[in-house]
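Numbering (UniProt numbering), first residue to last: 1 to 212.
Note that the Cβ used here is the ideal one computed from N, Cα and C, for glycine as well.
As the structure is a computational prediction, the values presented were derived from the model and not from experiment.
Presented below is the structure to which this report refers.
Right, dumping it as structure tokens:
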């Protein structure tokens with residue numbers, strides 16, 4: 001029997017493409033009402049457009065699901081969570097998936113390269129989770145997914161900023177799990193591997209073709 005999410009509301013950040021889109025589609029197909037968050041920027045975090053989130057929302061609704069779009073940066077996490085509250089009246093599930101890359105060797109890395117990557121991955125996850133936490137605590141129920149990476153576990157050439165951010169997600173998530181358990185707020189950390197626009201510059205084409 002498939003796990004169902006009927007009556008629950010899920011927020012997925014960075015859901016305009018890749019894994020975030022896959023999460024949003026699965027949740028909607030199993031009964032969740034979904035907030036599809038995506039700034040619509042480039043892989044490096046430049047620019048913004050509503051097209052990515054709108055396209056996914058249209059697909060979910062066409063398939064019989066319920067979804068709304070949100071275009072805020074994850075650094076505006078409170079606005080993302082408020083979209084769920086305004087549209088659906090609650091928040092049950094938060095998947096911190098949004099991310100960017102600014103790959104460069106450590107010798108050539110700038111403060112901006114470091115700061116922007118950590119702002120999206122770490123501060124963004126903090127802002128969204130911090131905004132959702134009071135709702136989770138009040139209803140004595142919440143589910144949080146933090147997204148790490150193999151780079152966060154083992155490092156990867158040219159990705160000191162990304163590796164540090166993804167390693168931070170592990171400690172962050174483990175601490176949330178300990179603090180939230182007594183309120184039935186469960187946190188898990190995942191380190192997924194999939195072919196997406198984020199892997200195009202770091203994963204050889206042949207192995208990528210065998211991934212989802």
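Which of helix, strand or coil DSSP assigns to residue i
| i | result |
| --- | --- |
| residue 176 | helix |
| residue 37 | strand |
| residue 63 | coil |
| residue 3 | coil |
| residue 108 | helix |
| residue 193 | coil |
| residue 101 | coil |
| residue 156 | coil |
| residue 31 | coil |
| residue 184 | coil |
6 Å Cβ shell around residue i - same chain, five flanking residues per side excluded
| i | result |
| --- | --- |
| residue 111 | none |
| residue 10 | 27, 32, 34, 93 |
Close-in-space but distant-in-sequence residues of the same chain around residue i (CB under 7 Å, 5 per side omitted)
| i | result |
| --- | --- |
| residue 51 | 40 |
| residue 120 | 45, 74, 98, 99, 100 |
Contact belief for residue i with residue j at Cβ below 8 Å, rounded distance in angstroms
| i | j | result |
| --- | --- | --- |
| residue 13 | residue 98 | 4 Å |
| residue 185 | residue 137 | 7 Å |
| residue 24 | residue 36 | 5 Å |
| residue 84 | residue 71 | With 8 Å as the limit, residue 84 and residue 71 do not qualify as a contact, their Cβ atoms being about 14 Å apart. |
| residue 91 | residue 135 | 5 Å |
Buried or exposed (CB count within 10 angstroms, at least 16 for buried), residue i
| i | result |
| --- | --- |
| residue 175 | exposed |
| residue 102 | buried |
| residue 140 | exposed |
| residue 6 | exposed |
| residue 172 | buried |
| residue 15 | buried |
Contacting residues, own chain, Cβ-Cβ under 8 Å from residue i (five flanking each side not counted)
| i | result |
| --- | --- |
| residue 67 | 24, 28, 33, 34, 35, 36, 56, 57, 60, 61 |
Pair every Cβ in the stretch 122-135 with every Cβ in the stretch 159-169, then say whether three or more of these pairs are closer than 8 Å.
At 8 Å Cβ cutoff, the stretches touch.
Between the stretch 135-153 and the stretch 172-192, do at least 3 Cβ pairs fall closer than 8 Å?
yes
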